[in-house]
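Residue numbers (the numbering used here): 544 to 723.
And the structure:
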């Protein structure tokens, strides 16, 4: 099963303080997880991703970095994490259950100012995939680039936001999830 980290703080934090340095960092968990329940996939080596928001002067969209390399084998992750600060960070290490090993299947996913990650799998995915796709507006259906249930769940979320006429600033409202 995939693993992820979300950090939201009042102050910016160096990404390495979250992703690479702690003894139970997301990087360490990608290859050494003593608490793993799913023993069929002993490592999370099927790619990774990091997303973070930068200074407002650079725009409201998050910066997303994904790779199909295992997180422990990516020098660029170490380089970026040691020089980047943010107050809102997503990090994800992947153990493939749905979708091929491809960069467009690595989380986090992004649309405009929103980031999305998901852990686990959607039950009965092969039975609900077609009805889910048929229920989406064309722009969300055609916007899915990968093959993961996670990205399809994001497309559904975006479709529901649009149908409820919610803007990203309003997406934080608890009733969005409660009333879907």
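Backbone N, C-alpha and C fix where the C-beta goes; we use that ideal spot for every residue, glycine too.
Using a threshold of 8 Å, state whether the C-beta atoms of residue i and residue j are closer than that.
i           : j           : result
residue 633 : residue 586 : no
residue 673 : residue 545 : no
residue 683 : residue 709 : no
residue 595 : residue 631 : yes
residue 611 : residue 645 : yes
residue 655 : residue 688 : no
residue 690 : residue 643 : yes
Can you check DSSP and say which residues form a bridge with residue i?
i           : result
residue 546 : 636
residue 594 : 607, 633
residue 653 : 658
residue 556 : 629
residue 551 : 631
Starting from the Cα of residue i, find the closest Cα among the options and give me that residue.
i           : options            : result
residue 653 : 601, 555, 686      : 686
residue 589 : 603, 598, 601, 570 : 570
residue 678 : 613, 703, 564      : 703
Where residue i and residue j are concerned, what is the direct C-alpha to C-alpha distance, given to the nearest angstrom?
i           : j           : result
residue 628 : residue 554 : 9 Å
residue 635 : residue 680 : 28 Å
residue 620 : residue 614 : 7 Å
residue 547 : residue 670 : 26 Å
residue 667 : residue 551 : 32 Å
residue 623 : residue 556 : 13 Å
For a cutoff of 8 Å on Cβ pairs, would you count residue i as touching chain C?
i           : result
residue 673 : Within the model displayed, chain C is absent; a lone protein chain is all it includes.
Check: Okay, do the region 651–661 and the region 683–701 touch, 3+ Cβ pairs below 8 Å being the bar?
Finding: yes
Next item on the list: Report yes or no: do three or more beta-carbon pairs, one from the region 544–561 and one from the region 602–617, lie closer than 8 Å?
Entry: no
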